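Heads up, the thing below is written out as structure tokens.
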Amino acid sequence: MNPADPMAAVLIVLVVVLAAAVALLIWRGRGSKRLKSHFGPEYQRALEETGSRRAAEERLRRREQRVQSYAIHPLSPEQRARYAARWRALQAEFVDDPAGAVSAADRLLGEVMAARGYPVIEFEQQAADLSVEHPQVVQNYRTAHEIAVRHSQGQANTEDLRRAMVHYRSLFEELASEPRMRAAS
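Note that our numbering numbers the sequence shown so that position 52 is 215, with each residue one more than the last.
Shown next as structure tokens:
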């Protein structure tokens, strides 16, 4: 047996292992980039909560998988019209009863989410689920909810409630809008 043959075999194995490692790093990098791009600020929030890129990305992937199992669908034109009329009435109600309007807006959003196919469960789970399809407005939902909670504790004023309505409105418009056509992948 030629002494160079074992050395060549070791070299080939090293090259294959190195190529596999590089391929894995590229694949992970693309996954990270996709998650950052899709989730936007929600990616950073998950990173801050977990303290680890790997844990944050795993959390976001699990959200995506969970939400894929839901039967989420757009509202019918009749539902959109009915919810839009209720939203306009809530906005008008704000003038006379800001706290009542904010509470009603939170309930209306729960109804819209349920009508779209999201399970209506505890707030943090709802927000996490919404982040999969609506990552750009889910922070508005969190902020509005936090203001509503502060108000229930006597720690929010009328200006805070107005801001809550603005935040709720952005999510409402996103959830109740006509479905957008998705580009073919």
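Ideal placement from N, C-alpha and C gives every residue a C-beta, glycine not left out. In this text, all values refer to a predicted model and were calculated from it rather than measured experimentally.
> What are the uninterrupted segments assigned as beta strand (DSSP E) that are 3 or more residues long and contained completely in the region 202 to 238, given in chain order?
Replying inline: The region 202 to 238 contains no whole beta strand (DSSP E) run of 3 or more residues.
> Can you tell me whether L271 is buried or exposed, with buried defined as 16 or more other CB within 10 angstroms of its CB?
Replying inline: Classification for L271: buried.
> How long is the line joining the alpha carbons of A319 and G263, rounded to whole angstroms?
Replying inline: 13 Å
>> Quick check: the Cα distance between R249 and K196, rounded to an integer number of angstroms?
In response: When rounded, the distance between both Cα atoms is 39 Å.
>> Measuring CB atoms only, is the region 311 to 326 touching the region 240 to 248, in the sense that at least three cross pairs come out at less than 8 Å?
In response: no
>> Quick check: the Cα distance between P298 and G203, rounded to an integer number of angstroms?
In response: 7 Å
> What's the gap between the Cα of V283 and the Cα of M276?
Replying inline: 7 Å
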